[in-house]
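Residue numbers (the working numbering): 1 to 123. Notes follow once the structure below has been shown.
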């Protein structure tokens with residue numbers, strides 16, 4: 001009987017030691033030397049990726065001088081597009097036809113004003 005008590009005592013003691021060892025293991029720092037190196041490499045890589053993303057966003061936001069089309073070319077493009085409109089729309093729909101005439105006449109006035117402004121600036 002004493003051997004059973006001694007065995008159970010030893011077994012309990014071993015279990016207690018294992019439990020303490022596991023608790024100590026859980027408390028151990030995970031920031032071991034090799035983990036720290038890996039973390040720093042990961043952080044460096046993340047920083048590089050973030051820098052690239054920010055660079056791309058900045059390049060999208062950066063402004064550059066855009067080539068403006070000549071007003072006469074714009075007028076020609078609009079007229080070309082208007083010619084594509086089927087005749088039956090303009091012949092059958094009087095309000096649409098009037099609207100087109102208003103747009104074309106205002107465009108002619110606008111381009112004439114811009115041309116005279118250019119001529120005045122060149123003098």
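Ideal placement from N, C-alpha and C gives every residue a C-beta, glycine not left out. It should be emphasised that the depicted structure is a prediction, and the values quoted were computed from it without experimental measurement.
Near residue i, what residues of its chain come up, given a Cβ to Cβ distance below 7 Å and the 5 sequence neighbours on each side ignored?
{"i": "residue 82", "result": "100"}
{"i": "residue 1", "result": "In this prediction, residue 1 scores a pLDDT of 48, lower than 50, which makes its location untrustworthy; no coordinate-derived value is stated."}
{"i": "residue 121", "result": "none"}
{"i": "residue 21", "result": "none"}
{"i": "residue 113", "result": "none"}
Check this for me: beta carbons of residue i and residue j, under 8 Å apart or not?
{"i": "residue 111", "j": "residue 72", "result": "yes"}
{"i": "residue 129", "j": "residue 107", "result": "Given that the chain is displayed from residue 1 to residue 123, the structure contains no residue 129 and the question cannot be resolved."}
With 8 Å as the threshold, decide whether the Cβ of residue i is near any Cβ in chain B.
{"i": "residue 42", "result": "Considering every chain present, this structure includes no chain B. It has just one protein chain."}
Please list, in chain order, all residues of the same chain as residue i whose beta carbon is under 6 Å from its beta carbon, the five residues on each side excluded.
{"i": "residue 45", "result": "none"}
Does the beta-carbon of residue i, which I'm using as the reference point, lie nearer than 7 Å to any heavy atom of the ligand ATP?
{"i": "residue 56", "result": "The ligand ATP is not part of this structure, which contains no ligands at all."}
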